[in-house]
Structure formats: C-alpha cells, structure tokens
Amino acid sequence: MDTIEKSKVDEIEDTGVKEPVFMPEDSATIDRENRATVGEVFVDNPRMSCRDVNVHYGENHAIHDVNLDIGCNEVIAMIGPSGCGKSTFLRCLNRMNDTIEGCKVSGSIIMDGEEINSKKIDVVPLRAQVSMVFQKPNPFPKSIYENVAFGPRIHGLANNKVELDEIVVTSLEKAGLWNEVKDRLDKPGTGLSGGQQQRLCIARTIAVGPEVILMDEPCSALDPIATARIEDLIDELRTQFTICIVTHSMQQAARVSQRTAYFHLGDLIEVGDTTKIFTNPKHQLTEDYITGRFG
Ligand SMILES: Nc1ncnc2c1ncn2[C@@H]1O[C@H](COP(=O)(O)OP(=O)(O)OP(=O)(O)O)[C@@H](O)[C@H]1O
Ligand SMILES: [Mg+2]
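When we follow numbering that gives the first Met the number 0, the leftmost residue of the sequence shown carries the number 0, and every step to the right adds one.
#1: Can you give me the C-alpha to C-alpha distance between residue 84 and residue 100, rounded to a whole angstrom?
#2: Alpha carbons only, please: which of 38, 93, 277 and 86 is nearest the one belonging to residue 210?
#3: In whole angstroms, what separates the C-alpha of residue 128 from that of residue 207?
#4: Relative to ligand 1, what is the chain-ordered list of residues with a Cβ closer than 5 Å to any of its non-hydrogen atoms?
#5: With a threshold of 16 other CB atoms inside 10 Å of the CB of residue 165, please say whether the residue is buried or exposed.
#6: Measure the C-alpha to C-alpha separation of residue 140 and residue 156 and round it to an integer number of angstroms.
#7: Within 10 angstroms of its Cβ, does residue 216 collect 16 or more other Cβ (buried), or is it exposed?
#8: Grouping DSSP H, G and I as helix and E and B as strand, with all else coil, what is residue 73?
#9: Using only alpha-carbon positions, find the residue among 69, 61, 46 and 192 that is nearest to residue 270.
#10: What is the residue span of the alpha helix (DSSP H) that residue 157 lies within?
#11: Have a look at 266, 134 and 234 and flag the residue whose alpha-carbon is nearest the alpha-carbon of residue 257.
#12: Can you list, in chain order, the residues of its chain whose CB lies under 7 Å from that of residue 177, leaving out five sequence neighbours each side?
#13: Does the separation of the CB atoms of residue 60 and residue 103 fall below 7 Å?
#14: Assuming residue 131 and residue 47 are in contact, meaning their beta carbons sit under 8 Å apart, how far apart are those beta carbons, in whole angstroms?
#15: Return the Cβ separation of residue 247 and residue 37 in integer angstroms, given the expectation that the two are a contact with Cβ distance under 8 Å.
#16: Would residue 52 be called buried (16 or more neighbouring beta carbons within 10 Å of its own) or exposed?
#17: Using the Cβ count rule (16 or more neighbours within 10 Å means buried), how would you classify residue 238?
#18: Terminal residues of the continuous alpha helix (DSSP H) containing residue 178?
#19: According to DSSP, is residue 220 helix, strand or coil?
#20: How big is the Cα-Cα spacing for residue 126 and residue 290?
#21: Going by DSSP in three states, residue 117 sits in which element: helix, strand or coil?
#22: Quick one: residues in its chain with C-beta nearer than 7 Å to the C-beta of residue 115, no 5 flanking neighbours on either side, listed in chain order?
#23: Using only CA atoms, which one of 231, 236, 225 and 188 lies nearest to residue 213?
#24: May I ask which residues mark the beginning and end of the alpha helix (DSSP H) holding residue 88?
#25: Using the Cβ count rule (16 or more neighbours within 10 Å means buried), how would you classify residue 88?
#26: What would DSSP say about residue 46, mapped onto helix, strand or coil?
#27: On the DSSP bridge assignment, give the partners of residue 260 in chain order.
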C-alpha cells in the first residue's frame, strides 16, 4: 500500500464501484484493433511465459491471443469485469481447464524450460508445482493435520512420520495458522472460522512445495479482518513463491500486487506496474474500469 499513491486509491474507493457491470453494448463500439495489449508484457527471468494463449468453450472464444510473462517472486493481480476471462486464464497456468468438458486451450506456456501444454506433461506434479487456492475455503472433511498432510503423502514428499510432521508444522507456520491450531491438530478443518479455513487451504497448498500459487478471489467469502490477514500473508509468501491473484477489489490489487493485468472480454488489455496501472493507465478501457465507468 505504501507504494501506492494513497489519494488515488481513495479516489477509486470513492466511486463506490467495486465490481463494475460490463454492458455488452459498450463492446460493440470498441474496435478490436484497440485490444492489443499495452504495457510491460515481458519481464526478465520469467517464472512462466504465456504466448498466444487462446481458450474456447465450444463456440465461445473466452481468451484471445494472450501474451504474458509472470515474474519470479512477484504478486500479479488479474482484474477486470465479470466474465472477462480471469478465472479461465488462471486455470490455463496449471491445466485446470483440462477438467472442463468442451474447453480447448491453445498456445504456449513455458515454465522451467518446459511446455506445460504438451501432452507429455503429467498434470499431477504440475498442479503441485502450480497450485490453486479457491474462492470458497474448501477444507477436506478431515482433521487439520490430515488436511495439510494429505498432499505430501500422495506426492511421496515425506519418508517417515517425522518428516511429514515437519512439513505440516512448517506449512501451518508459513500460512500464519500454527499458533491458532497447534493444540487442535486432530480436530476437523471444517470447524475453523472462514478466514482460518482459507489459511488452512493455503497451508495445504504450500505443503506440496509449489513454485507458483494461483488464487482465485481468495478473500471474497471473508470479512475485512480475515481479508487483511490473508493480504499480509500474500506479502510474506511472495519472498518464496510467485503468486497470481484474481480479485474484484481494486483496493486489494493495489495493496498486494506489484504487477496488474487488466482483462476485458477475453483480451489482456494492459499489464504493468500496479502503481502505474492505478495512477496512470495507458489504455482507455483500463482507465474506464478503474474509475468505475465504461464506454
Ligand atoms: N466451465 C465453463 N463452461 C463454459 N463456459 C465457461 C466456463 N467457465 C467460464 N466460461 C465462459 O468463459 C468466459 C470467461 O469466464 P470466466 O469465468 O473466466 O470469467 P471471470 O473473469 O473469472 O468472471 P468472474 O469475475 O465472474 O469470476 C465467460 O464467457 C464464461 O461464460
Ligand atoms: Mg472468475
């Protein structure tokens, strides 16, 4: 937050529009030529490089020719009106769209020199490496301990109980939950508060040793205090992981991310330094969105 020009963020807040509703008639007036991405698409030493990524759900062309590098140890926020393709694009990053019938992804996504869209890629280890935290906290109907131990056990990450215990403790510590649950590890994960459940899900994600953590509106079901804890956590996790977060809250994007990507009707319109996107956007569509108006 301190890197963001406070008055500008207040200005965004003042509009009272957190989730602008996109009116389809607005799109008719927007020339497709104006949809080429502006801003800093490329970074030095990217963690992931997406090139010409397209996604179709049957006839619906949901993502158009997206090019985007995702940097190491950065938090990149994906913003844009409802239905613009944020979740669809996020799911491209760990092949989660494979699970949706009729969904076709094309283009290239390179991570650690490997093409993740290749048929040869085993998606199970990929989804441990690029792991997802969902909108609604979804702990397994198991104990707190088992929620975190489950992933490392199926991925064979621990050789014995001592090692497994260590992974569980470290993951809960990194997720900022250890002190609250250390005396009740055998109690059900579903018995925690919403914010604690979401931190448990983050611990579960961390436990499988990811490089990239995908978060799709991770705070939308949480109150402001639980949200603030997750936002602080995201900032701490950035030192070890790359985080891609989808959010409807521009204040949240401004607080937690270093880069922001603005999507509009399946196009990546603009990407760049978060401060610049919110204080001096280059594209008219970005400006319209962050000021709460379209057209
Ligand atoms: N499982 C699916 N099956 C068919 N079409 C889908 C599916 N998921 C998304 N779509 C379509 O793809 C487009 C992008 O949707 P997506 O959910 O990625 O948008 P979003 O930006 O995440 O929206 P929101 O902010 O409402 O979550 C929309 O036209 C949507 O109807
Ligand atoms: Mg979504």
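Just so you know, even glycine gets a beta-carbon here, dropped at the ideal spot from N, CA and C.
In brief:
#1: Sequence index remark: in the sequence shown, residue 84 carries index 85 (1-based). Sequence index remark: in the sequence shown, residue 100 carries index 101 (1-based). So the two alpha carbons sit approximately 17 Å from each other.
#2: As a working note, residue 210 is residue 211 in the sequence shown. Of 38, 93, 277 and 86, the residue nearest in Cα terms is 93.
#3: Position 129 of the sequence shown, counted from the first residue, corresponds to residue 128. Position 208 of the sequence shown, counted from the first residue, corresponds to residue 207. C-alpha of residue 128 to C-alpha of residue 207: approximately 8 Å in a straight line.
#4: Counting only beta-carbon distances shorter than 5 Å to the non-hydrogen atoms of ligand 1, the qualifying residues in chain order are 56, 61, 81, 82, 83, 84, 85, 86, 87 and 99.
#5: In the sequence shown, counting from the first residue as 1, residue 165 sits at position 166. Burial call: exposed.
#6: For the purposes of this step, residue 140 is taken as the residue at position 141 of the sequence shown. For the purposes of this step, residue 156 is taken as the residue at position 157 of the sequence shown. For residue 140 and residue 156, the distance between alpha carbons rounds to 22 Å.
#7: Position 217 of the sequence shown holds residue 216. By the Cβ neighbour-count rule, residue 216 is buried, with 16 or more other Cβ atoms within 10 Å of its own.
#8: Locating residue 73 in the sequence shown gives position 74, where the first residue counts as 1. Secondary structure at residue 73: coil, using DSSP grouped into helix, strand and coil.
#9: One-based indexing of the sequence shown puts residue 270 at position 271. It is 69.
#10: For the purposes of this step, residue 157 is identified with residue 158 of the sequence shown, where counting begins at 1. Where residue 157 is concerned, there is no enclosing alpha helix (DSSP H), given that its DSSP letter is neither H nor E.
#11: Start at 1 with the first residue of the sequence shown, and residue 257 comes out as number 258. The residue among 266, 134 and 234 with its C-alpha nearest the C-alpha of residue 257 is 234.
#12: As a first step, residue 177 is located in the sequence shown; it is residue number 178 there, counting from the start. 168 and 171, listed in sequence order.
#13: Counted from its first residue, the sequence shown places residue 60 at position 61. Counted from its first residue, the sequence shown places residue 103 at position 104. Contact flag unset, no.
#14: For the purposes of this step, residue 131 is identified with residue 132 of the sequence shown, where counting begins at 1. For the purposes of this step, residue 47 is identified with residue 48 of the sequence shown, where counting begins at 1. Not quite, the Cβ-Cβ distance comes to about 14 Å (not below 8 Å), so this is no contact.
#15: In the sequence shown, residue 247 corresponds to position 248, counting from 1. In the sequence shown, residue 37 corresponds to position 38, counting from 1. That pair is no contact at about 22 Å.
#16: The residue you call residue 52 lines up with position 53 of the sequence shown. Here residue 52 is buried, its C-beta having at least 16 other C-beta atoms within 10 Å.
#17: Start at 1 with the first residue of the sequence shown, and residue 238 comes out as number 239. Exposed, since its Cβ has fewer than 16 Cβ neighbours within 10 Å.
#18: Sequence index remark: in the sequence shown, residue 178 carries index 179 (1-based). Bounds of the alpha helix (DSSP H) holding residue 178 are 177-180.
#19: Position 221 of the sequence shown, counted from the start, is the residue given in the question as residue 220. DSSP places residue 220 outside both helix and strand once states are collapsed to three, so it counts as coil.
#20: Looking up residue 126 in the sequence shown gives position 127. Looking up residue 290 in the sequence shown gives position 291. Each residue's Cα considered, the two are about 36 Å apart.
#21: Walking along the sequence shown from the start, residue 117 turns up at place 118. Coil, per DSSP.
#22: Here the question's residue 115 lines up with position 116 in the sequence shown. Same-chain partners within the cutoff: 94, 108 and 125.
#23: As a working mapping, residue 213 is identified with position 214 in the sequence shown. Closest by alpha carbon: 236.
#24: Start at 1 with the first residue of the sequence shown, and residue 88 comes out as number 89. In this chain, the alpha helix (DSSP H) harbouring residue 88 covers 85-91.
#25: Within the sequence shown, the letter at position 89 stands for residue 88. Residue 88 counts as buried, since at least 16 other C-beta atoms from the protein chains shown sit within 10 angstroms of its C-beta.
#26: As a first step, residue 46 must be located in the sequence shown, where it is residue number 47. Reduced to three states, the DSSP call for residue 46 is strand.
#27: Within the sequence shown, numbered from 1, the residue matching residue 260 stands at position 261. According to DSSP, which records beta bridges pairwise, residue 260 is partnered with 77 and 270.
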